[in-house]
Every structure is written in structure tokens, then in C-alpha cells.
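Working notes, beginning with the structure itself.
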Amino acid sequence: MAAISTNPNLPDQASFSTRARKARIKKLLTQIPAYLILSLWSFFTIFVIGWVIISSFKTNAEIFRTVFDLPKVWQFSNYINAWSQGNFALYLRNSVFLTSASVAGLLLISAPAAYVLSRFKFIGRNFLTITFIAGMGIPYSLVLIPLYVIMSRLGLINNLPGLILIYISLSIPFTVYILTGFFVTLPKELEDAAVIDGCNEFQTFWHVMLPLASPGLLTAGIFNAIGMWNEYQLVLVFMGNEEGRTLALGLYSLQNAMQYTGDWVGLFAGVCIIMVPTIVLYVILSEKMIAGITMGAVK
Amino acid sequence: MKPRASMIILFLMPAGLFYLALFLLPAAWAFYYSAFDWSGFSDEMTFVGLGNFVKLLTTDPIFWSSFGNTLKIIFVGGFFTFTLAFLLAMLLNSGIKGKKVFRALIFLPNVIATIALTTMWSFAIFSPRSGVLPNFLKLIGWTSASKFLWMSADHVFWSMLIAIVWINVGYFVVLILAGMDRIPIEFYEAAQLDGASMIQQFFRITLPLMWDVLTVSVVLWSISAIKVFEFPFAYMGAGEDPNLYTIGVYLYIMGFGKRQPIYQLGYATAIGVLMLLLIIVVSIFVRRLMQRESLQY
Numbered sequence: 142m143a144a145i146s147t148n149p150n151l152p153d154q155a156s157f158s159t160r161a162r163k164a165r166i167k168k169l170l171t172q173i174p175a176y177l178i179l180s181l182w183s184f185f186t187i188f189v190i191g192w193v194i195i196s197s198f199k200t201n202a203e204i205f206r207t208v209f210d211l212p213k214v215w216q217f218s219n220y221i222n223a224w225s226q227g228n229f230a231l232y233l234r235n236s237v238f239l240t241s242a243s244v245a246g247l248l249l250i251s252a253p254a255a256y257v258l259s260r261f262k263f264i265g266r267n268f269l270t271i272t273f274i275a276g277m278g279i280p281y282s283l284v285l286i287p288l289y290v291i292m293s294r295l296g297l298i299n300n301l302p303g304l305i306l307i308y309i310s311l312s313i314p315f316t317v318y319i320l321t322g323f324f325v326t327l328p329k330e331l332e333d334a335a336v337i338d339g340c341n342e343f344q345t346f347w348h349v350m351l352p353l354a355s356p357g358l359l360t361a362g363i364f365n366a367i368g369m370w371n372e373y374q375l376v377l378v379f380m381g382n383e384e385g386r387t388l389a390l391g392l393y394s395l396q397n398a399m400q401y402t403g404d405w406v407g408l409f410a411g412v413c414i415i416m417v418p419t420i421v422l423y424v425i426l427s428e429k430m431i432a433g434i435t436m437g438a439v440k
Numbered sequence: 003m004k005p006r007a008s009m010i011i012l013f014l015m016p017a018g019l020f021y022l023a024l025f026l027l028p029a030a031w032a033f034y035y036s037a038f039d040w041s042g043f044s045d046e047m048t049f050v051g052l053g054n055f056v057k058l059l060t061t062d063p064i065f066w067s068s069f070g071n072t073l074k075i076i077f078v079g080g081f082f083t084f085t086l087a088f089l090l091a092m093l094l095n096s097g098i099k100g101k102k103v104f105r106a107l108i109f110l111p112n113v114i115a116t117i118a119l120t121t122m123w124s125f126a127i128f129s130p131r132s133g134v135l136p137n138f139l140k141l142i143g144w145t146s147a148s149k150f151l152w153m154s155a156d157h158v159f160w161s162m163l164i165a166i167v168w169i170n171v172g173y174f175v176v177l178i179l180a181g182m183d184r185i186p187i188e189f190y191e192a193a194q195l196d197g198a199s200m201i202q203q204f205f206r207i208t209l210p211l212m213w214d215v216l217t218v219s220v221v222l223w224s225i226s227a228i229k230v231f232e233f234p235f236a237y238m239g240a241g242e243d244p245n246l247y248t249i250g251v252y253l254y255i256m257g258f259g260k261r262q263p264i265y266q267l268g269y270a271t272a273i274g275v276l277m278l279l280l281i282i283v284v285s286i287f288v289r290r291l292m293q294r295e296s297l298q299y
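Line by line, the protein sequences give chains A and B. Start counting the first sequence at 142; every next residue gets the next number (my numbering). Start counting the second sequence at 3; every next residue gets the next number (my numbering).
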């Protein structure tokens, strides 16, 4: 279009550009419903999250009296209470420890397995790959009771190391699935070059292939970290004592006790403590995460 | 490169052992436990064969109502989730500015802990006195609607379904959009030249060319709807309302109880076995039902 309108020989240049402008305006007008609906949907989400954050700084009385107002005095004490009396300092420490140890252990054992499954040819490879990935279809609920029996025999009920083992084991199918997808895409020549340069198989994996697959490790790491940080079903079953509660389970029990405590602002502060870290991570990495979601489902 | 067997074994071993011991073995063990009447974590187990399944399917009204709720989530929830996800994906793809920002915001609930989302919906949105929704309706003068009881026994399941749909729409918008983005723009330009309407374009181009993505999405939705536990179990805070039971919640209640332990371990495991069978049947059924000649382009 630019080429046409700069052509001086074109007689009706002026009328053409008005037509272009009209077309643009018409396009904008037809897009108004799209903007409107998308904005409403997005606004609702932001509003609800923002409302909870702001309400976590109110007093319990304000929650009921001035629903849509800002707090008169910002009650930072809600967080101090949640932190010390509500034990959220402990819960946060447990969540951080549980999530980071589980993700590290998970990647450490899943990456070599995914590497071998995706790059080596050997008898039974397909069978093993399918077996590894099949776990994605098995609901956690099915294994809860047998797993409880196994873990209690091993004396690993009600402690964090036991929970880490469970998190690692149950996350292997998804993680191997994601990582094989990444290892498959790496060019064969790099492996050959590493061997020619005198790397043994382990060195090739550790120094060449693993660094190249780091985007995959990051994707698998983020998804598992968010999943483990957020999940409460397994902690509910396998963590009986208060000492080992995570943020998710702490918030669950806080929510459960609401009918006795009526501490709305404490509850909302708890929501913010568990929600803000994942939202921040998402703001930084949203493109990568959204790309990760579509991996596998969309070829 | 010729791999050594020892290296293959060494690399597969750690993940394989964990997976086998703490996932596959318990899953297989579940089938064994489901054949026993077993209350409490004691050693007293009575073999009942298929007795648990017979009891579940013939004499347990709570199982059937939980199963009914699971089906409502799959079908009613699925209908609204996919309708809205398609609508939003198409709006996002209509050449608007800020597509990525809108997409990121629509997806946002999926990174927030389920327990935080249940708190939001039951204590910040639907709550009769302090909730955002009733107060907003009151503010705009729609008093009758503002008195609607979202959390009463009749409505609580459906209000929960609204929340579940809201979360999942974001996830499926991302998948559907990725499927749509693969379709070459020339197809639409050609169709527009031939005078095809938007609706025709959707049914003749968009839908057929992303059928494989839709199939995967429907399978993923069904599996996650069958498994669902965290949202209904914590919705409204109490978790004791049978109106909200899904098979996942009922399994937990039978196995571990809520405040009073029940410990019907064999019975609960039988529900888990049914859940797995349901997942397998639905996955095969959806794939068969949606099977079409795949289009290459």
C-alpha cells in the first residue's frame, strides 16, 4: 500500500488514503466487541486478585463495611500475625525446601533417563518410554492408600524427606515426557563431535547435551515447581504434623477453621503469601510457560 | 555412537526405581486392595472379591451422586469451557493489539494455587455479605440478584462449576490458540475472496484444521475432570458438603475421612480403580469418537 500511495502518477491519491483510513476505522469498529469482551474477562481476573491483595491490608470490620474502599489504615500487622502466630514463616520455609529439593532431585534423575530414552537405540526402548509416560494418566487418588502403606512401613510418613520422595516419584512421568521432547530435537552431530573430541558417554551427556537441553530443564523445572508449591492433596495425606505443613496446607487449614475464627484478613494475607511468588514468576516467564503448555499437545 | 548397555542401565536406573517403587507398584497394588474389606491401617483384611465394586455400583447413593457430579463437570463444565475458550481464542486472533497480554491474563489463574482460588471464590466473590459479586450487584441497583444465594445447597455445585470453568478456560485458550496459529493465513484470505462468512470460515477452515489439537484438549479436559479433587474439596471452606462430592473427593472421604476418620481403605481403593478405568475408557472413547482423516497442510 505504501508503494502505491507514494506513486506520484496515481491521480486519486488523496481519496485513496481516505479510503484506507476509513477501512482502518471500520476495522477498529468491528474489533470493539473483541476488545470489550477480552478486557472484561481480564479485568475480572485482575480485579479479584487485586481485591484480595488490598483486603489483606484491611481490618475484619472493614471487609464487611467498606467492600470496595481502600483500607483506612494499611494493616501490615495482618502479615506480621500470619507470619508469627499463623506459623506462615514455618510454612514458607517448608514450601521452599520441599519444592526446591523435589525439583532438583527430580531433574537429576529424570534428565539422564530422558536422555537415554530419546537418543539411544536399544531393545525395549519404546516399551520403557511408554511405561514412563503412562503414569501421566494414573490419578494420584488411585495410589494414595497403597503408597501410604509403603511409606508408613518405611517410616517416612509425616516428614518432609518422605514427601520429597513422593513428589519426585509422582512427577517422573510428566518430567520425562517434557525432557524427551527436548532431547529429541538436539542435532546428532554435536554428540559425534563430543566423542571425537575425546569425551566419554557420561562427559558427552554432562558437558554437551545437558547444557543444550537447559531450556527443557527450565520448562520442566518451572512447571513442577509451581505444581508442587501449589498442591495440597498429597501434603494433606502424607503430612500429619503441624511442623511439616506447607503454605498450601497451612492455607487449607486456615480456610477450614474460618467458621470458628472468622479471621478474614488473616485468610487473605495467607492467600497473598502463597499466590504472589507464583504470579511474580509468571510475570517474568509467561512467554516461556505458555510455550511449554502447548508443547506436545500442538505439534 | 554405540551405547554401552551399562550406561543405559545406569542412566535409567534411578528414575526407573523411584517410578516403579513409589508409583507403578502402588498403582498395581491398588487393584489388589480393592478386593478386600479393610478398615483401618491394621492387618485385618477380609477378601470380598468384587464385593466393593458391587456395593459401590448397586447400593451406594453417595457414590452415584458423586459420580453424577463428576459427569456434570465433564459435560456441562466442558461445554462452557470449550465454548468460551473458542470464543476468546477467536477474539484474540481477530487482529487485535495486545494479544499476548490478554492471553497471559486469561491464563493467569492457572499459576495460582487451587487452595488460594477456592478461598477467593468462596470468601471474596460469592460470599453473601462481603463478597465482591453480591456487593457489585447491589451497587448497580440490582437488589434481587444481589440476594441470590450462591452457596446454598441448591446452587453451590453450579457456582463451583463457574469457578472451575473460569480457571480452565485460560488453559484451553492457550492450547486452542496454538492450534489456530498454525493455520496459514492464506486460507482465510482465499475464503474471504470467495465470500465466506466468519461462521463458514470457522466451521470449514478453523475447526477441521485444528481437529487434532481439539481432540487432545478434550482428552486432557476429561482426564482432569475425572481426577478433580482439590477444588471441590476446599470450596466453601468446609469440605463436608455432599453436594460438592466428586469421585475424587468421595475416595478421599472414604479413605481418610474428614474430621472423623472412616478408613474404608479397600472400598476407597475400589473407587480409585473405577477412576482409572473411567480415564482409560473415556480417553479411548473420545479418540474414537473424534477420529477423522487427519488433514495435511
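Even glycine gets a Cβ: it sits at the ideal position worked out from N, Cα and C.
Looking at C-alpha atoms only, which residue of Ala227(B), Gln293(B), Leu27(B) and Ile108(B) is the closest neighbour of Phe81(B)? Ala227(B)
Quick one: Cα of Ser146(A) to Cα of Ile117(B), how far? Annotation note: pLDDT 44 at Ser146(A) (below 50); position unreliable, coordinate value reported separately. Between Ser146(A) and Ile117(B), the C-alpha separation is close to 58 Å.
9 Å is my cut-off, CB to CB: does Ala144(A) come that close to chain B? For Ala144(A), the predicted structure reports a pLDDT of 42, less than 50, and the residue's modelled location is therefore unreliable. A value from the coordinates is still provided. Judged by the 9 Å Cβ criterion, Ala144(A) is not in contact with chain B.
Does the separation of the CB atoms of Leu141(B) and Phe150(B) fall below 9 Å? no
Cutoff 7 Å; reference Thr83(B); Cβ partners in own chain excluding five residues on either side: Val167, Asn170, Val171, Phe174 and Trp223
Between the region 280-306 of chain A and chain B, which residues of the former have a C-beta closer than 9 Å to a C-beta of the latter? Pro280, Tyr281, Ser282, Leu283, Val284, Leu285, Ile286, Pro287, Leu288, Tyr289, Val290, Ile291, Met292, Ser293 and Leu306
Can you find a C-beta in chain B that's less than 9 Å from the C-beta of Met430(A)? yes
Does DSSP classify Gln172(A) as helix, strand or coil? helix
Reduced DSSP secondary structure (H/G/I, E/B, other) of Thr48(B): strand
Nearest by alpha-carbon distance to Val251(B): which of Ile204(A), Ile305(A), Leu283(A) and Val317(A) is it? Leu283(A)
Ranges of the alpha helix (DSSP H) found wholly within the region 239-307 of chain A, counting only runs of at least 4: 266-275 and 281-294
Which chain A residues sit within Cβ distance under 7 Å of Ile225(B)? Gly278
Looking at Pro307(A): is its Cβ nearer than 9 Å to the Cβ of Leu295(A)? Just to set this straight, residue 307(A) is Ile in the shown sequence, not Pro. No, the pair does not count as a contact, with Cβ atoms beyond the cut-off.
Using the beta-carbon of each residue, which ones in chain C are nearer than 9 Å to Arg290(B)? The structure shown contains no chain C; its protein chains are A and B.
Is Leu278(B) closer than 9 Å to Ala32(B) when the C-beta atoms are compared? yes
Mind checking the region 62-81 of chain B against chain A and listing, in chain order, the residues whose C-beta falls within less than 8 Å of any C-beta there? none
With a threshold of 8 Å on Cβ separation, who are the neighbours of Glu372(A) within its own chain once the five nearest residues in sequence on each side are excluded? Ala389
Can you tell me the Cα-Cα spacing of Phe315(A) and Arg131(B), whole angstroms? 42 Å
Candidates Phe261(A), Ile434(A) and Ile274(A), of which the one nearest Leu327(A) by Cα: Phe261(A)
Per DSSP, which one or two residues make a beta bridge with Phe38(B)? Phe49(B)
When the Cα of Ile319(B) is compared with those of Lys101(B), Val134(B), Leu19(B) and Val283(B), which residue comes out closest? This structure cannot speak to residue 319(B), because chain B is shown only from 3 to 299.
Range covered by the alpha helix (DSSP H) that runs through Glu191(B): Ile187 to Leu195
Round the Cβ separation of Phe69(B) and Ile281(B) to the nearest angstrom and send it over; I've been treating them as touching at under 8 Å. Not confirmed; about 14 Å, so no contact.
C-beta contact flag for Ile178(B) and Met212(B) at 9 Å: yes
Do you know offhand how far Val215(B)'s Cα is from Ala432(A)'s? 15 Å
Label Glu342(A) either buried or exposed according to how many other C-beta atoms from any shown protein chain fall within 10 Å of its C-beta, with 16 as the threshold for buried. buried
Using the Cβ count rule (16 or more neighbours within 10 Å means buried), how would you classify Trp405(A)? buried
Going along the chain, which residues of its own chain have a beta-carbon closer than 6 Å to the beta-carbon of Leu86(B), five neighbours each way excluded? Val171
Is it the case that the region 200-208 of chain B contacts the region 352-359 of chain A, given that we only count it when at least three CB pairs across the two stretches are under 8 Å? no
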